[in-house]
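Novice: Following my numbering, the numbering of the sequence shown begins with 2 at its first residue and continues without gaps. Every residue gets a Cβ at the ideal spot worked out from N, C-alpha and C, and that includes glycine.
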Amino acid sequence: IGSPTALSDEDLLEELKAAAKVNGLYVPSGALWGGEDIRKMSDSGILQSLTVSMKKHPKSLKLEGYLKDKNAEVKDEAVVLYQGCVLDICALAPYNTNTMAAAAIAAPNLGFKGVTGCLVSDPK
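(1) According to DSSP, K56 sits in a beta bridge with which residue or residues?
(2) Between the stretch 34 to 44 and the stretch 57 to 76, do at least 3 Cβ pairs fall closer than 8 Å?
(3) Alpha carbon to alpha carbon, what distance is there between K69 and R40?
(4) Could you check where the beta strand (DSSP E) with V80 kicks off and where it finishes?
(5) Touch check for the stretch 82 to 93 and the stretch 107 to 122: three-plus C-beta pairs under 8 Å?
(6) In chain order, what residues of the same chain have a beta carbon less than 8 Å from the beta carbon of T52, not counting five sequence neighbours either side?
Structural data, given as structure tokens:
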């Protein structure tokens, strides 16, 4: 898999999980540190919530929909463009949410609907 964000498609994720049982599957972790620890906590049942916050310069963001418009209005101060489940932001910022998606994959008990993503546009 080149982009973990692609796995926010639930049907694709399930299909690839099934194929991985036979062939294996490598999902890059991007900038996510501690993915193995997240997985261990998820597997042991102690992981109850997970939030991944990312701050990026407005010009580095490739956004879709309302996030693109909201980002265009960022001038001098940091603005929270999105805070909510990772599933929804993957479609709106597919090039900028691979770390969030990797966290959702590392935490299967929470998944894309249970992991929270926060995307901040900061011109400074």
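Specialist: In short:
(1) Reading the sequence shown from its first residue, position 55 is the one you call residue 56. Beta-bridge pairing links K56 to V121.
(2) no
(3) The sequence position of residue 40 within the sequence shown is 39, counting from 1. The sequence position of residue 69 within the sequence shown is 68, counting from 1. For R40 and K69, the distance between alpha carbons rounds to 32 Å.
(4) As a working note, residue 80 is residue 79 in the sequence shown. Element bounds for V80: 80 to 86.
(5) yes
(6) For the purposes of this step, residue 52 is taken as residue 51 along the sequence shown, with counting starting at 1. For T52, where only same-chain residues beyond five positions count, the Cβ hits under 8 Å are V116, T117, G118, C119.
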